[in-house]
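Just below is one structure, and these are the notes that go with it.
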Amino acid sequence: MVNSRQKGKRGELEWRDILRATGWHEARRGQQYAGGGESPDVVGGPADTHAEVKVRERHDPWASMEQAEKDAAPGSMPYVAMKKNHHPWLVVMRAEDFLELMKLKEVARG
Numbered sequence: 001m002v003n004s005r006q007k008g009k010r011g012e013l014e015w016r017d018i019l020r021a022t023g024w025h026e027a028r029r030g031q032q033y034a035g036g037g038e039s040p041d042v043v044g045g046p047a048d049t050h051a052e053v054k055v056r057e058r059h060d061p062w063a064s065m066e067q068a069e070k071d072a073a074p075g076s077m078p079y080v081a082m083k084k085n086h087h088p089w090l091v092v093m094r095a096e097d098f099l100e101l102m103k104l105k106e107v108a109r110g
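See below:
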């Protein structure tokens, strides 16, 4: 249990660092370590999102996404940032959220 908690903490810190390097300089670990179960794993990232961070060798993206959806504040976009050893980070999100982001990207491009 302690090892999985340490692994989770390392993953959250790594995801925080990725967000910071991408421009979300206020990114930090959420309050789940202090007992707040509904807090995102990482806060201060993209506005109106709820991050669930998973670092493990075997992932169940549906279960992780269900947790993110359950914990997310109304109106926020839940997503799961997931990683396993020797593989790049992946992000899992609802298809409608992905499509909304792609539309915004096209509009921004003109």
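The numbering used here applies: residue 1 is where the sequence shown begins, and numbers increase by one.
The beta carbon of each residue, even a glycine, is placed where N, CA and C say it ideally should be.
Confirm the yes/no value for this check: CB of residue i, any heavy atom of the ligand ADP, distance under 6 Å.
i	result
S4	No copy of the ligand ADP appears in this structure; indeed no ligand is present at all.
What does the alpha-carbon distance come out to for the pair residue i and residue j?
i	j	result
V55	R10	9 Å
R5	K70	21 Å
R94	E100	10 Å
W97	P61	Trp is not the amino acid found at residue 97; the sequence shown has Asp there. Between D97 and P61, the C-alpha separation is close to 16 Å.
G35	G75	A caution first: G35 carries a pLDDT of 47, below 50, which makes its placement in the model unreliable, though a value can still be read off. Using only the alpha carbons, I get a separation of about 23 Å.
W24	R109	21 Å
N3	N85	15 Å
Note down, in chain order, each residue of its chain lying with its Cβ closer than 6 Å to the Cβ of residue i, except the 5 sequence neighbours on either side.
i	result
P78	H50, A68, E69 and A72
M82	K54, H59 and L90
P40	G30, H50 and A51
Tell me whether residue i is buried or exposed, calling it buried when 16 or more other Cβ atoms sit within 10 Å of its Cβ.
i	result
E106	exposed
E57	exposed
A63	exposed
A27	buried
Considering only their Cβ atoms, is the gap separating residue j from residue i smaller than 7 Å?
i	j	result
M65	V80	yes
For residue i, which residues from the same chain have a beta carbon less than 8 Å from its beta carbon, with the 5 sequence-adjacent residues on both sides left out?
i	result
L104	none
**Study point:** Validate contact between the region 13-29 and the region 37-46 using beta carbons, cut 8 Å, 3 pairs
**Key:** yes
Practice item. Could you say if the region 90-106 and the region 18-33 meet the contact criterion of at least three C-beta pairs nearer than 8 Å? Key: Touching, no, given that fewer than three Cβ pairs across the two stretches are closer than 8 Å.
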